[in-house]
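**Student:** In the numbering used here, the protein residues as written are 1135 to 1276. Even glycine gets a Cβ: it sits at the ideal position worked out from N, Cα and C. Mind having a look at this structure? Questions to follow.
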Ligand code: FES
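As structure tokens, then:
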């Protein structure tokens, strides 16, 4: 199985690893294929994702695609970020071996969950940055 140089670079030097204190939204999802877990934190200001970080119990392909995905969505509006697919991220990395495509789904789904968390806080009339995100009682496997 061959990984592109870009995949190796993002795997060896992942960008945006960690967590954000007082995040506007947090999303946690699991991968139904392998059981690995991804958590993404976003900071949203004026509808724009100004910061994004991830933590994963995933493989190298999950690390590389999350690193790339976080790089791509930083600076986007939340609506723009929702149009970024795992396929686009994989393509931006020069491709992934077919057997590892499922790993790239984690970043997309965790980002969607984080944006949904942010929107849910707004819908409840809460200040997203001042309201702690509720950890899901059960992880959603996607
Ligand atoms: Fe689980 Fe890649 S094998 S995320």
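#1: According to DSSP, what are the bridge partners of residue 1142?
#2: In three-state terms, what does DSSP make of residue 1184?
#3: Hey, residue 1207 and residue 1183 are a contact pair by Cβ (cut 8 Å); roughly how many whole angstroms apart?
#4: Going by the C-beta, is residue 1165 closer than 6 Å to any heavy atom of the ligand FES?
#5: Residue 1227 to residue 1242, Cα distance in whole Å?
#6: Look at the alpha carbon of residue 1175 and the alpha carbon of residue 1188, and state the distance between them as a whole number of angstroms.
#7: May I ask you to report which of helix, strand or coil DSSP gives residue 1273?
#8: Use the C-beta contact count for residue 1152: other C-beta atoms within 10 angstroms, 16 or more gives buried, fewer gives exposed.
#9: Ignore the nearest five residues each way along the sequence and tell me which others in residue 1252's own chain have a CB closer than 8 Å to its CB.
#10: Apart from the five residues just before and just after residue 1235, which ones in its own chain have a Cβ nearer than 6 Å to its Cβ?
#11: Between residue 1271 and chain B, is the shortest Cβ-Cβ distance under 7 Å, so that the two count as touching?
#12: Taking the alpha carbon of residue 1248 as the point to measure from, which residue in 1185, 1169, 1170 has its own alpha carbon closest?
#13: Determine the contact status of residue 1238 and residue 1257, defining contact as a CB-CB distance below 7 Å.
#14: Return helix, strand or coil for residue 1252, following the three-state DSSP convention.
**Tutor:** Well, looking at it:
#1: Paired residue(s): none; residue 1142 is not in a bridge.
#2: strand
#3: 5 Å
#4: yes
#5: 15 Å
#6: 6 Å
#7: coil
#8: exposed
#9: 1158, 1159, 1176, 1178, 1212, 1262
#10: none
#11: The structure shown contains no chain B; it is built from a single protein chain.
#12: 1185
#13: no
#14: helix
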